[in-house]
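Colleague: Here the UniProt record's numbering is used: position 361 in the sequence shown is 361, and no number is missing along the way.
Handing you a structure now.
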Amino acid sequence: MARIAVDMQELITKVTVVSKVVPSKVIKPILGCVLFDLTEDGVFLLASDLETGVKAKLNCEYEGFGRFAVDGKVFYEVVKTLPTDVGASLEITPASLSIECGKSKFKLSVVDPSDFPEVSLSESSVSFEIDASLLHKMIEKVIFCAATDEFMRNLNGVYWELGNGFLRLVASDGFRLALAEERLEIQGEIGFLLSLKSMKELMSVAESCGDRKLRFEYDGKRVGIVATDVETLVRIVEVEFPDYKRVLPKAFKTKLVAPTNILVEALRRTMVIAKRGSESIRVEAMENVLILSSRSPDFGEVTEEIEVRKEGEDIIAAFNPKFLIEALRHIETDEVELNFIDSTSPLQMNPLDVEGYLYVVMPIRIV
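The following block contains the structure:
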C-alpha cells in the first residue's frame with residue numbers, strides 16, 4: 001500500500017499536463033492510462049501515445065514505492081471536479097486508487113502497469129539549452145509551412161538541423177518553405193524530423209514555460225525536452241527530409257524593399273477579389289512602384305499600388321496571396337525584402353537587414 005498527500009492545485013496542474021498526451025482512441029488499453037511511479041526520487045505521473053511521452057514530477061508527501069496505472073480520462077475528470085481550496089489524499093492498493101478531497105471520496109480501478117511504454121531516453125548523444133520564449137518564436141515562424149497531410153510523412157513536420165553553432169528549423173509543404181535559425185552552443189552536427197503533432201506539443205510546452213530555459217537531449221531515436229519538473233519525449237520521424245538547400249535561390253535579378261504593414265493591408269484587400277476568382281494575385285514591379293492586382297469574372301477586379309525601393313530588372317509574377325500574408329505576419333521589421341529571379345522561380349522574402357529568418361514561395365501561372 002502507498003499513500004500520497006498533495007495540494008489540489010498541484011495535482012490538477014500535473015494531471016492536466018500529462019492528460020494532453022492520452023489518446024482518445026487507443027490500440028492498447030494501457031495507452032489510455034496515466035501511470036503513477038513512486039520512487040526514491042519522488043512521485044512521477046506519466047502518459048504516452050507511443051509518439052509523445054510526458055513525465056511530470058508531483059510535488060507531494062508520500063509513503064511507499066511502486067507503479068500503478070489508472071484510466072487517464074476518468075482520473076482527469078475526477079480531479080477537475082474536486083475542490084481546489086483543500087488538499088487531497090490518495091491511497092493505492094493492488095486493486096484500487098482511493099481519492100479523498102474535502103467531503104468527496106472516489107475509488108477507482110487500477111490497471112496492471114507492466115505493459116506501459118518506456119518514457120525515458122537512452123544515453124543522450126547531443127544536448128543543449130535554449131530559452132523557451134526563443135524556441136516558441138522559432139517554431140511559430142516555420143510551423144505554418146508544414147504539410148498538414150499525414151501521408152506526406154517527410155513534409156508533415158519540422159526539420160531540425162544542429163551544427164556549426166546554430167539551431168535551424170525548416171518546414172515546407174512543397175509550395176513554400178520557412179527557415180528560422182539562432183546561434184547556440186551546440187557540439188556536433190545532427191538533423192532530424194519531428195512530426196507536426198509533436199511540434200504542436202513542443203510549442204505548447206515552450207509557451208507554458210515563459211522565459212525559463214529548456215534543456216534538449218537527443219539519443220538518435222527520440223528527443224527529450226526538460227522544463228523544470230516536466231519532461232516531454234517525442235519520437236523522431238524516420239524518413240528523410242528533402243534537401244531544402246537546393247530550393248533556396250542563390251542569386252537574384254530583382255530586389256524590392258517594401259513597408260511590411262502597408263504590403264500586408266494591400267494584400268488583404270486584393271485577396272477579397274482573388275479568393276472569389278483564381279485565388280492568385282499578379283505582382284508587377286516597375287521603377288519604384290509595386291502593383292498588386294486580381295480579377296474575378298463574376299465579382300470584378302482590384303488594383304493596389306505601393307511605393308517601394310527597387311534594384312534590378314522589372315518583374316511580373318503571380319502568387320497565392322494567402323501564402324504571402326502568412327509569411328509577412330512573422331516578419332517583425334518595418335520593412336521587408338522581396339527577392340526575385342523571374343516569373344517562374346521561387347520568391348524569397350526576409351526581414352530587411354535582419355538575419356535568421358527567410359521564407360520562400362513558388363509562383364503560380366500568370367492568368
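Cβ atoms here follow ideal geometry from the backbone N, Cα and C, with glycine treated the same way.
From a predicted model like this one, the values you see are computed outputs, not experimental measurements.
Grab me the residues of residue 67's own chain with a C-beta within less than 8 Å of its C-beta, minus the 5 sequence neighbours each way, in chain order.
Modeller: 35, 36, 37, 38, 113 and 116
Colleague: Checking 8 Å against the spacing of the C-beta atoms, do residue 304 and residue 292 come in under that value?
Modeller: yes
Colleague: Report yes if the C-beta of residue 178 is less than 7 Å from at least one heavy atom of the ligand MN; otherwise report no.
Modeller: Among the components modelled here there is no ligand, and therefore nothing to report on the ligand MN.
Colleague: Can you have a look at residue 224 and say buried or exposed, based on whether 16 or more other CB atoms are within 10 angstroms of its CB?
Modeller: Looking at its Cβ environment, which holds 16 or more other Cβ atoms inside 10 Å, residue 224 is buried.
Colleague: So, helix, strand or coil for residue 73, using DSSP?
Modeller: helix
Colleague: Which value, in whole angstroms, describes the spacing of the CA atoms of residue 149 and residue 92?
Modeller: The alpha-carbon atoms of residue 149 and residue 92 are separated by roughly 43 Å.
Colleague: Looking only at DSSP bridge pairs, what is residue 247 linked to?
Modeller: Answer is none; residue 247 lacks a bridge partner.
Colleague: Measuring only the C-alpha atoms, how far is residue 347 from residue 315?
Modeller: 11 Å
Colleague: Which stretch, first to last residue, makes up the beta strand (DSSP E) that contains residue 39?
Modeller: Where residue 39 is concerned, the enclosing beta strand (DSSP E) starts and stops at 33 to 39.
Colleague: Whole-angstrom Cβ separation of residue 332 and residue 352, contact assumed at under 8 Å?
Modeller: In fact, because the Cβ distance is near 11 Å, the residues do not count as touching under 8 Å.
Colleague: With C-beta atoms as the reference, is residue 44 less than 8 Å away from residue 176?
Modeller: With contacts defined by Cβ atoms closer than 8 Å, residue 44 and residue 176 do not form a contacting pair.
Colleague: What residue range does the beta strand (DSSP E) around residue 291 cover?
Modeller: 289 to 296
Colleague: With a threshold of 8 Å, are at least 3 pairs of Cβ atoms found where one atom belongs to the stretch 232 to 247 and the other to the stretch 193 to 212?
Modeller: yes
Colleague: The beta strand (DSSP E) that contains residue 335, what's its start and end?
Modeller: 335 to 340
Colleague: For the pair the stretch 199 to 207 and the stretch 129 to 142, tell me if three or more CB-CB distances fall below 8 Å.
Modeller: yes
Colleague: Give the DSSP-derived three-state secondary structure of residue 29 in the structure shown.
Modeller: helix
Colleague: Using the C-alpha atoms, what's the distance from residue 100 back to residue 90?
Modeller: 7 Å
Colleague: Assuming residue 138 and residue 180 form a contact by the criterion Cβ under 8 Å, report the distance between their Cβ atoms to the nearest whole angstrom.
Modeller: Residue 180 and residue 138 do touch by the CB rule: their CB atoms are close to 4 Å apart, below 8 Å.
Colleague: Hey, would you say residue 141 sits closer than 8 Å to residue 357, going by beta carbons?
Modeller: yes
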